[in-house]
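Heads up, the sequence shown is in this note's numbering, so the first residue is 539 and it goes up one at a time.
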Amino acid sequence: MSSQLAALCFGAHDPVGLGRFWAGLLGRKLTDGRHDGVVLPPDDETGFEIRCLPTLEKKVGQNQAHFDLTSDSPEHQQRTVARALELGARHIDVGQRPEEGHVVLADPEGNEFCVIEAGNKFLAGCGFIGALASDGTQAVGYFWSQALGWPLVWDQDEETAIQSPRGGTKITWGGPPVAAKHGRNRLHFDLAPPEGGDQQAEIERLLSLGASLAGGDRPGNRHGGGLVEMLDPDGNEFCLLAPQGSAQ
């Protein structure tokens, strides 16, 4: 049994404002979180929850991960870009070449994302959020495949990608060179232990796969004392939640 991907979490200075942006762009509902922040529930059985949680930390450098949004046609790509700009996004330059067909934008808090041109075969059938494109090693791709029980759908030239057996968004890692990490990532996963599983047993399993426990003063208490913050083999933060129904 593997951990379940409970949510992808954004750290935000204005969680409600950021949540409204992504709800408007993705066409999702916006609801209050259980303890703080806001939640965008998945819109189908292959999707994952998106949470916008409060943080006081400043964004430094490019994020370790970003969304690749798909397009059905050139017109669809243009509409997505226009809608994003209307909601508060802006164009940014991350070194993309003029001949590349994707459009690089940043949301109102500076989180990068791409609107991919129509006809991208790798993202075909993955839905509007085609990929969570990440900077990371081959080893971290292998770790997350085992941690979530998601099969590898790409493993070539140290680039990896995984996808839920149900389909939907792919999670990709670009291989070396991996950018230096500057402070905490603004995006992280919240995992839930397997249904009916034991949190401590899942911690031990994740440690055996190459994770480590995060040290220092963890801000993860926003979910209650049952949350445990961990690091994947590349040093990226993620949180393992307490089993549903356990005391918080």
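Ideal Cβ positions, reconstructed from N, Cα and C, are used throughout, including at glycine.
**Prompt:** Relative to the alpha-carbon of Q600, which residue among W560, V716, L747 has its alpha-carbon at the smallest distance?
**Reply:** V716
**Message:** Less than 8 Å between the beta carbons of C664 and K708, yes or no?
**Reply:** yes
**Request:** Can you give me the Cβ contacts of G565 inside the same chain, cut-off strictly under 6 Å, excluding the 5 residues immediately before and after it?
**Result:** none
**Asked** If you count every other CB in all the chains shown that lies within 10 Å of the CB of G721, and 16 or more means buried, which is it?
**Response** When all chains shown are included, G721 counts as exposed.
**Asked** I think A780 touches Q737, with their Cβ atoms under 8 Å apart; what is that distance to the nearest whole Å?
**Response** 6 Å
**Message:** Report the start-end ranges of each beta strand (DSSP E) in the region 632-707 that is 3 residues or longer and not cut off at the edges.
**Reply:** Runs of the beta strand (DSSP E) inside the region 632-707: 641-644, 650-653, 667-672, 690-694, 697-701.
**Asked** Between G776 and A730, what straight-line distance do the alpha-carbon atoms span, to the nearest angstrom?
**Response** Looking at the sequence shown, residue 776 is not Gly but Phe. For F776 and A730, the distance between alpha carbons rounds to 11 Å.
**Asked** Does the distance from the CB of T593 to the CB of P579 come in under 8 Å?
**Response** Their beta carbons are not under 8 Å apart, which means T593 does not touch P579 by this criterion.
**Request:** Answer with buried or exposed for D582, where buried requires no fewer than 16 other C-beta atoms within 10 angstroms of its C-beta.
**Result:** exposed
**Request:** Specify the secondary structure class of R628 as computed by DSSP and reduced to three states.
**Result:** strand
**Message:** So, at 7 Å on beta carbons, what are the nonlocal neighbours of I741 in its own chain, with the 5 sequence-adjacent residues on each side left out?
**Reply:** V766, L778, listed in sequence order.
**Request:** Would you identify the three-state DSSP class for H720, choosing helix, strand or coil?
**Result:** DSSP places H720 in coil when its eight states are reduced to three.
**Asked** Where does P612 sit, in a helix, a strand or coil, going by DSSP?
**Response** P612 sits in a helix when the DSSP states are folded into three classes.
**Asked** In chain order, what residues of the same chain lie with their CB nearer than 7 Å to the CB of E595, ignoring the 5 residues before and after it?
**Response** G549, G721, R722
**Item:** Sequence-distant residues of its chain with Cβ nearer than 7 Å to E637 (five each side left out)
**Value:** none
**Asked** Among residues of its own chain, excluding the 5 on either side of A545, which ones have a beta-carbon nearer than 6 Å to its beta-carbon?
**Response** The answer, listed in chain order, is E587, R589, D728.
**Ordered list of alpha helix (DSSP H) runs contained in the region 554-616, each at least 4 residues** = Fully enclosed alpha helix (DSSP H) runs of 4 or longer: not present.
**Through-space distance from D695 to F660, alpha-carbon basis** = 16 Å
**Request:** Per DSSP, which residues does Q738 bridge with? Please list them.
**Result:** Looking at the DSSP assignment, Q738 forms no beta bridge with any residue, so it has no partner.
**Asked** Three-state secondary structure (DSSP) at L747?
**Response** In the structure shown, L747 sits in a helix (DSSP, three-state: H, G or I).
**Message:** At a threshold of 7 Å, does E697 count as lining the ligand FMN (C-beta to nearest heavy atom)?
**Reply:** Among the ligands in the structure shown, none appear at all, so the ligand FMN cannot be discussed.
**Paired residues, beta bridge with L725 - DSSP** = F548
**Request:** Please name the residue or residues paired with E775 in a DSSP beta bridge.
**Result:** L769
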